[in-house]
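Visitor:
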Amino acid sequence: MILQPLVPVDGALPGPVLTEIAALYATNHAFFELSGDFPDPGRITVEQVAASLADELAHDGAEVLLARSAGRLVGMAATLARHPDPATEDPDPWIGLLLIDATAHREGYGRAVAALVEDRFRAAGRAGVRIAVLDNNPKALAFWQSQGYAPLRQAKDRELGRDCTVLRKPLD
Numbered sequence: 411m412i413l414q415p416l417v418p419v420d421g422a423l424p425g426p427v428l429t430e431i432a433a434l435y436a437t438n439h440a441f442f443e444l445s446g447d448f449p450d451p452g453r454i455t456v457e458q459v460a461a462s463l464a465d466e467l468a469h470d471g472a473e474v475l476l477a478r479s480a481g482r483l484v485g486m487a488a489t490l491a492r493h494p495d496p497a498t499e500d501p502d503p504w505i506g507l508l509l510i511d512a513t514a515h516r517e518g519y520g521r522a523v524a525a526l527v528e529d530r531f532r533a534a535g536r537a538g539v540r541i542a543v544l545d546n547n548p549k550a551l552a553f554w555q556s557q558g559y560a561p562l563r564q565a566k567d568r569e570l571g572r573d574c575t576v577l578r579k580p581l582d
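Reminder that position 70 of the sequence shown reads as 480 in our numbering, one-by-one numbering, no gaps.
#1: Quick one: grab the DSSP three-state call for G425.
#2: Would you please state the rounded distance, in angstroms, between the beta carbons of R492 and P503? I believe it to be under 8 Å.
#3: Measure the alpha-carbon distance for P424 versus E430 and round it to whole angstroms.
#4: Where does T455 land, buried or exposed, given buried means 16+ other C-beta within 10 angstroms?
#5: Taking Cβ positions, are T489 and E473 nearer each other than 8 Å?
#6: With DSSP collapsed to three states, give me the class of T437.
#7: Alpha carbon to alpha carbon, how far is R578 from F584? Give it in angstroms, no decimals.
#8: Expressed to the nearest angstrom, what Euclidean distance is found between the alpha-carbon atoms of L544 and R482?
#9: Secondary structure at D573, three-state DSSP: helix, strand or coil?
#10: If the criterion is Cβ atoms closer than 8 Å, does the pair Q557 and T575 meet it?
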């Protein structure tokens, strides 16, 4: 599996790649029903995905990483080099989103992508990584805890004020 940064070309995301990512999002309608990120999780459009990715990439230190296996897009991760609120005393980078093609869930891709993201942060000399998991998503919470992430605190997410659990994993 390889992890490649999504790089806009002349300020825009490449059409074919954007179509692939939109298809990946569309397989995850159950997650998007929980998150409320899209008005109709059963009909996520390329334009909505483009706007969502643009929002992700607008943060300083943000990166969207595409995970490919045998050339096929199997997942993606959105990361932040630091918490987006400069007033927050938080030295760790964040995983903002880990999305795996729902038709390939439970095949090890989520674990592999998480490990590759952690390796990138480790290689950059980071001591730990954090993620906020929506409280209404117990499967995600169980996944991250199985990967060695420990709960730190309860919080509200910055985007929509949803209840979540902040978890951290040391990278040493």
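All residues carry an ideal CB built from backbone N, CA and C; glycine is no exception.
Remember, predicted model here, so these are calculated numbers, not experimental data.
Guide: Quick answer:
#1: helix
#2: 6 Å
#3: 10 Å
#4: exposed
#5: yes
#6: coil
#7: Residue coverage of the chain in this structure runs from 411 to 582, which leaves residue 584 outside it and unanswerable.
#8: 28 Å
#9: strand
#10: no
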